[in-house]
Amino acid sequence: MTTQPESYSHQYLDGSPCGLPNGKVICVGLNYTAHIEEMASQPSVEPMLFIKPNTALVPLADPVLIPQDLGSVHFETEMAILIGDTLSQCSEQAVLPAIAGIGVALDLTLRDLQSQLRQAGHPWETAKGWDGACPVSAFVKPGKIADLQNVGLTLQQNGETRQDGNTSHMLTPVIPLIAYMSRFFTLLPGDVILTGTPEGVGPLAPGDQIAVTLDTLLSVTISDIRNR
Ligand code: ZN
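Note that this note's numbering has the sequence shown beginning at 46, numbered continuously upward.
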């Protein structure tokens with residue numbers, strides 16, 4: 046029998062609901078130089094965007110389920126932004142007031158499948174958008190963070206630090222990134238933005254103990270990682 050993760054809804058750190066629907070997840074790849082190097086990728090001229098459907102959203106909490114027979118699943122720790130107002134082809138000035146929360150997410154990636162798709166020149170949607178591919182924490186209110194571009198992000202795996210980044214190293218910072226996204230995709234209340242991963246990504250395995258932090262604001266431990 047398979048245990049499904051609890052169903053997801055956006056909530057604040059104090060447990061109160063954000064009152065926003067589960068929207069789409071708009072992500073940017075290759076937004077930190079050291080991660081571009083570890084992926085042997087080339088920097089993109091413009092932000093490289095992709096989308097996970099809302100069915101990818103699950104709580105960043107126990108259990109995290111790993112698909113079987115699809116190769117390795119890599120963690121990518123990313124600052125997540127919850128959108129509270131509609132943004133369409135918006136100015137940078139419009140972005141900050143539309144942010145409803147800040148959290149941390151894992152952009153879970155079927156890395157072997159992604160590599161195969163990349164080599165074939167195909168889109169990598171299945172490697173990024175599968176059910177459960179976007180575990181998201183509770184959100185802190187925007188006023189709790191003084192500077193979106195100076196936020197620490199860490200991931201520990203079985204007590205070893207794997208990722209230890211800071212949003213100051215983003216190639217496209219959060220505000221211009223969201224304005225850019227809104228040129229292509231209307232952002233709706235309840236949508237989530239993933240802002241890219243620092244270096245240190247790697248495979249998850251059943252039985253791993255994972256601890257993720259966003260600065261001193263958020264700390265999440267996952268001790269039940271298993272095959273789906
Ligand atoms: Zn990512």
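Here a beta-carbon is modelled for each residue, glycine too, at the ideal position from N, C-alpha and C.
- In summary, F120 is buried, with 16 or more beta-carbon neighbours lying within 10 Å of its beta-carbon over all protein chains present.
- If you check the CB distance, G177 and K97 do not come in under 8 Å.
- In terms of side-chain proximity, the C-beta atom of E121 is found nearer than 7 Å to a non-hydrogen atom of the ligand ZN.
- Below 8 Å, too few C-beta pairs join the stretch 84-99 and the stretch 248-265 to call them touching: fewer than three.
- The Cβ atoms of A143 and V181 do not sit closer than 8 Å to each other.
- Between T266 and N76, the C-beta gap is not smaller than 8 Å, which leaves the two residues out of contact.
- Less than 8 Å separates the beta-carbon of T131 from that of L232.
- Here the alpha carbons of L153 and V257 stand approximately 14 Å from one another.
- Minimum Cα-Cα distance from H55 among the listed residues D114, A125, N272 corresponds to A125.
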